[in-house]
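There are 2 protein chains.
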Amino acid sequence: MTSKDDASLNRKEQILDAAAALFAENGYYKTTTAKVAEAVGVTQPYVFHFFKTKEALYLAVLERAYQRILYAFTSVQAPPELLQETMGKAFIELLADHRNEILLIMMAYTTPEPVIRDHTRRQFEMIYERVLNRFTQAGIADSEQKTSNFISFGLLIAMSETLDLPYLCRWREKDSDSHQNHENHDNHDSR
Amino acid sequence: MTSKDDASLNRKEQILDAAAALFAENGYYKTTTAKVAEAVGVTQPYVFHFFKTKEALYLAVLERAYQRILYAFTSVQAPPELLQETMGKAFIELLADHRNEILLIMMAYTTPEPVIRDHTRRQFEMIYERVLNRFTQAGIADSEQKTSNFISFGLLIAMSETLDLPYLCRWREKDSDSHQNHENHDNHDSR
DNA sequence: GGTTAATTATTTATCGATTAATAAATGGAT
DNA sequence: ATCCATTTATTAATCGATAAATAATTAACC
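From first to last, the protein sequence lines stand for chains L and Y.
Heads up, the first sequence is in this note's numbering, so the first residue is 3 and it goes up one at a time.
Heads up, the second sequence is in this note's numbering, so the first residue is 3 and it goes up one at a time.
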């Protein structure tokens, strides 16, 4: 309070950051606008000066996260035979850098507000299309299955992190090429 | 009201059924005890006669669903080379017969009540162990990865159903052996 | 360059609605 | 008249949202 925080440059960003963390940890309903405000160091009604409703705040957080994940998948550069592996790594990196947002994206579909579901549906449509397009362009066989596989492991990782059940994703530790390309291991032995 | 429903034999079961449907559709927080009561045709405080808290009701619903899914996976009988496929089918069947409960199980981990998360963690531990054990006993190679794969596709299916995004799981339509055994397709070409 | 006006940033106070939970009452069957 | 199933009445807390008031910053003018 001494001389006004430097950080007050953009309160809106601060609110988005705090909201991302709280929404990711406590979900949509248990995160009150009062808690978001408190985390930023602002009064609760002030949040509504930037976001018309709580839902609008949630959607804004989601949108930012979505932009980030989409950009990450878009900017991956790798030769076709390494594309899956590299995109998997990009996802893991994103998870490390922006854990809140990534977990939020992977869990948002369970929030039963129609507007949120619609938004999430559109986001995953785009993500799916983007990944599928990249896999297809790289000449990867069965790209639709690989894309589903890729997204499904994203979901599994989110659950594993949320529940703190690391061995659900033990394959992440064992070998470094991860996230989706298990076809390498699968069938050179039928035991 | 005429002659008293025959179904009033076990109000508790009715409440569990109604709660499962409502929790699956509207989530934990947006499902009020009043709505559950109304769905059964009972007053709201009466729900608390059977379940001490709303949370206890949710956990009871979850427990019933969990028992069902665990039993389904346990009672699958198939030769080793068909085990994965058959268990996948068992899951799909369960999803058809008890959609609410299955979707609920796959989404419960996002509910931020500590008690619910603990319960869900324990449930998935058991499910993972059960599936892994069956795969291992059948001599399936890389059984840990296959188990992760199996569960991750369960999550993907849940999201696909919840968001009504069928093409996320297009592989379910294309060929009949589904849910986890993609190693068959994956690598007879590396391109 | 200091006084004032205008604009922006933020707070105080408060309302209305919802909801889980408790306790006491009713009523019929045995 | 007691036991069981169920209802009525009620409460206490929480939370999103609005409106009005105040503080702080910038801009303008003399």
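Just so it is clear, CB atoms sit at the ideal spot from N, CA and C, and this is done for glycine as well.
query = Quick one: is Leu85 (chain L) buried, meaning 16 or more other Cβ sit within 10 Å of its Cβ, or exposed?
reply = On the first sequence, position 83 is the one that residue 85 (chain L) refers to. So Leu85 (chain L) ends up on the buried side.
task = Give the interface partners of Asn35 (chain L) over in chain Y, defined as CB-CB distance under 8 Å, in chain order.
result = If you number the first sequence from 1, residue 35 (chain L) lands on position 33. Before going further, note that residue 35 (chain L) is Thr rather than Asn in the sequence given. The premise fails here: Thr35 (chain L) is roughly 15 Å from chain Y at the closest Cβ pair, so nothing lies under 8 Å.
query = Taking just the CA atoms, how far does Ile104 (chain L) sit from Lys32 (chain L)?
reply = Counting from 1 along the first sequence, the entry for residue 32 (chain L) is found at position 30. Counting from 1 along the first sequence, the entry for residue 104 (chain L) is found at position 102. Looking at the two C-alpha atoms, the distance is approximately 19 Å.
request  = Just mark Thr122 (chain Y) as buried or exposed, buried being the case when its beta carbon has 16 or more other beta carbons within 10 Å.
outcome  = Walking along the second sequence from the start, residue 122 (chain Y) turns up at place 120. Classification of Thr122 (chain Y): buried, given that the 10 Å Cβ count is 16 or more.
query = When you compare only the Cα positions, how much space is there between Thr34 (chain L) and Ile71 (chain Y)?
reply = Translated into the one-based positions of the first sequence, residue 34 (chain L) becomes position 32. Translated into the one-based positions of the second sequence, residue 71 (chain Y) becomes position 69. Cα to Cα, the separation comes out at about 35 Å.
message = Taking the straight line between their C-alpha atoms, what separation do you get for Ala67 (chain Y) and Tyr48 (chain L)?
response = Position 65 of the second sequence holds residue 67 (chain Y). Position 46 of the first sequence holds residue 48 (chain L). Rounded to whole angstroms, Ala67 (chain Y) to Tyr48 (chain L) spans 43 Å at the Cα level.
ask   = Do the region 104-115 of chain L and the region 14-31 of chain L meet, that is, are 3 or more Cβ pairs less than 8 Å apart?
value = Verdict: yes, contact present.
ask   = If we count Cβ pairs, one from each stretch, closer than 8 Å, do we get three or more for the region 129-141 of chain L versus the region 135-144 of chain Y?
value = Contact fails: fewer than three Cβ-Cβ distances are below 8 Å.
task = Could you pull the start and end residues of the alpha helix (DSSP H) that Ala41 (chain L) belongs to?
result = As a position in the first sequence, residue 41 (chain L) is number 39, starting the count at 1. Thr35 to Val42 is the extent of the alpha helix (DSSP H) around Ala41 (chain L).
message = Strictly under 9 Å for the Cβ-Cβ distance: is Thr138 (chain L) near chain Y by that measure?
response = Residue numbering aside, residue 138 (chain L) sits at position 136 when the first sequence is read from its first letter. Closer than 9 Å to the CB of Thr138 (chain L) there is not a single CB belonging to chain Y.
request  = State yes or no: is the beta carbon of Glu87 (chain Y) nearer than 9 Å to at least one beta carbon in chain L?
outcome  = The sequence position of residue 87 (chain Y) within the second sequence is 85, counting from 1. It does not; no Cβ of chain L falls within 9 Å.
task = Kindly list the residues whose CB is nearer than 7 Å to the CB of Pro168 (chain L), restricted to its own chain and excluding five residues on each side of it in sequence; keep chain order.
result = Looking up residue 168 (chain L) in the first sequence gives position 166. For Pro168 (chain L), where only same-chain residues beyond five positions count, the Cβ hits under 7 Å are Ser162.
request  = Could you work out which residues of chain Y lie near Glu146 (chain L), taking near to mean beta carbons separated by less than 9 Å?
outcome  = Here residue 146 (chain L) corresponds to residue number 144 of the first sequence, with the count starting at 1. Ordered by position in chain Y, the residues that pass the 9 Å Cβ test against Glu146 (chain L) are Tyr169, Arg172, Trp173 and Lys176.
task = State the Cα-Cα distance for the pair Arg13 (chain L) and Glu95 (chain Y), rounded to the nearest angstrom.
result = Mapped onto the first sequence, residue 13 (chain L) falls at position 11. Mapped onto the second sequence, residue 95 (chain Y) falls at position 93. So the two alpha carbons sit approximately 51 Å from each other.
message = Just to check my reading of the structure: Val63 (chain L) and Ala92 (chain L) have Cβ atoms closer than 8 Å, yes? What is that Cβ distance to the nearest angstrom?
response = Indexing the first sequence from 1 puts residue 63 (chain L) at position 61. Indexing the first sequence from 1 puts residue 92 (chain L) at position 90. 21 Å between Cβ atoms; not a contact.
query = CB-CB under 6 Å to Thr88 (chain L), same chain, minus the five flanking residues each way: which ones, in chain order?
reply = Taking the first residue of the first sequence as position 1, residue 88 (chain L) is located at position 86. The answer, listed in chain order, is Val78 and Ala80.
ask   = Alpha carbon to alpha carbon, how far is Leu61 (chain L) from Ile17 (chain L)?
value = Taking the first sequence and counting its residues from 1, the one referred to as residue 61 (chain L) is at position 59. Taking the first sequence and counting its residues from 1, the one referred to as residue 17 (chain L) is at position 15. The straight-line gap from Cα to Cα measures roughly 13 Å.
Endpoints, alpha helix (DSSP H) assigned at Asp120 (chain L) = Here residue 120 (chain L) refers to the residue found at position 118 of the first sequence. Looking at the DSSP string, the run of the alpha helix (DSSP H) that includes Asp120 (chain L) is Pro116 to Gln139.
task = Quick one: residues in its chain with C-beta nearer than 8 Å to the C-beta of Val117 (chain L), no 5 flanking neighbours on either side, listed in chain order?
result = Within the first sequence, residue 117 (chain L) is the residue found at index 115, counting from 1. Counting only Cβ-Cβ distances below 8 Å, and skipping sequence neighbours, we find Glu57 and Leu61.
key: Three-state class that DSSP yields for Arg172 (chain L) in the structure shown   = Walking along the first sequence from the start, residue 172 (chain L) turns up at place 170. Coil, per DSSP.
key: Member of L:Ala20, L:Ile159 and L:His51 whose CA lies at the smallest distance from the CA of Gly43 (chain L)   = As a working mapping, residue 43 (chain L) is identified with position 41 in the first sequence. Among L:Ala20, L:Ile159 and L:His51, the Cα nearest to that of Gly43 (chain L) belongs to L:Ala20.
query = Using a beta-carbon distance below 9 Å, is Thr76 (chain L) in contact with chain Y?
reply = Your numbering for residue 76 (chain L) matches position 74 in the first sequence. No, Thr76 (chain L) does not count as interfacial toward chain Y.
ask   = Excluding sequence positions up to five away, which residues of its chain have a Cβ less than 6 Å from the Cβ of Gln125 (chain L)?
value = The residue given as residue 125 (chain L) occupies position 123 in the first sequence. Tyr68, listed in sequence order.
key: Where Arg172 (chain L) falls, given that 16 or more other Cβ within 10 Å makes a residue buried   = As a working mapping, residue 172 (chain L) is identified with position 170 in the first sequence. Looking at its Cβ environment, which holds fewer than 16 other Cβ atoms inside 10 Å, Arg172 (chain L) is exposed.
key: Per-residue contacts from Met109 (chain L) into chain Y (C-beta, under 7 Å)   = Looking up residue 109 (chain L) in the first sequence gives position 107. Near Met109 (chain L) (Cβ distances below 7 Å), the residues of chain Y are Thr112.
key: For Lys148 (chain Y), the first and last residue of its enclosing alpha helix (DSSP H)   = Translated into the one-based positions of the second sequence, residue 148 (chain Y) becomes position 146. DSSP places Lys148 (chain Y) in the uninterrupted alpha helix (DSSP H) bounded by Ser145 to Leu165.
ask   = Quick one: is Asp99 (chain L) near chain Y, going by C-beta distance under 9 Å?
value = Sequence index remark: in the first sequence, residue 99 (chain L) carries index 97 (1-based). So, not an interface residue.
inquiry  = Between Thr113 (chain Y) and Tyr30 (chain Y), how many whole angstroms is the CB-CB distance? I'm expecting something under 8 Å.
reply    = The count along the second sequence starts at 1 and reaches residue 113 (chain Y) at position 111. The count along the second sequence starts at 1 and reaches residue 30 (chain Y) at position 28. Contact holds; Cβ gap of about 5 Å.
inquiry  = Counting only Cβ pairs nearer than 7 Å, list the residues of chain L close to Met161 (chain Y).
reply    = For the purposes of this step, residue 161 (chain Y) is taken as the residue at position 159 of the second sequence. Under the 7 Å cutoff, chain L gives Tyr111 and Leu157.
ask   = To the nearest angstrom, how far is it from the Cα of Gln51 (chain Y) to the Cα of Lys37 (chain Y)?
value = Taking the first residue of the second sequence as 1, we reach residue 51 (chain Y) at position 49. Taking the first residue of the second sequence as 1, we reach residue 37 (chain Y) at position 35. Correcting the residue type first, residue 51 (chain Y) is His in the shown sequence and not Gln. Their Cα atoms are separated by approximately 16 Å.
query = Using a Cβ cut-off of 7 Å, which residues of the region 38-49 of chain Y contact any Cβ in chain L, in chain order?
reply = If the cut-off is 7 Å between Cβ atoms, the region 38-49 of chain Y has nothing near chain L.
Counted within 10 angstroms of its Cβ, other Cβ atoms place Ala160 (chain L) as buried (16 or more) or exposed = Taking the first residue of the first sequence as position 1, residue 160 (chain L) is located at position 158. Under this definition Ala160 (chain L) is a buried residue.
Neighbour flag for Ile153 (chain Y) against chain L, beta carbons, 9 Å = For the purposes of this step, residue 153 (chain Y) is identified with residue 151 of the second sequence, where counting begins at 1. For Ile153 (chain Y), the answer is yes, since a Cβ of chain L falls inside 9 Å of its Cβ.
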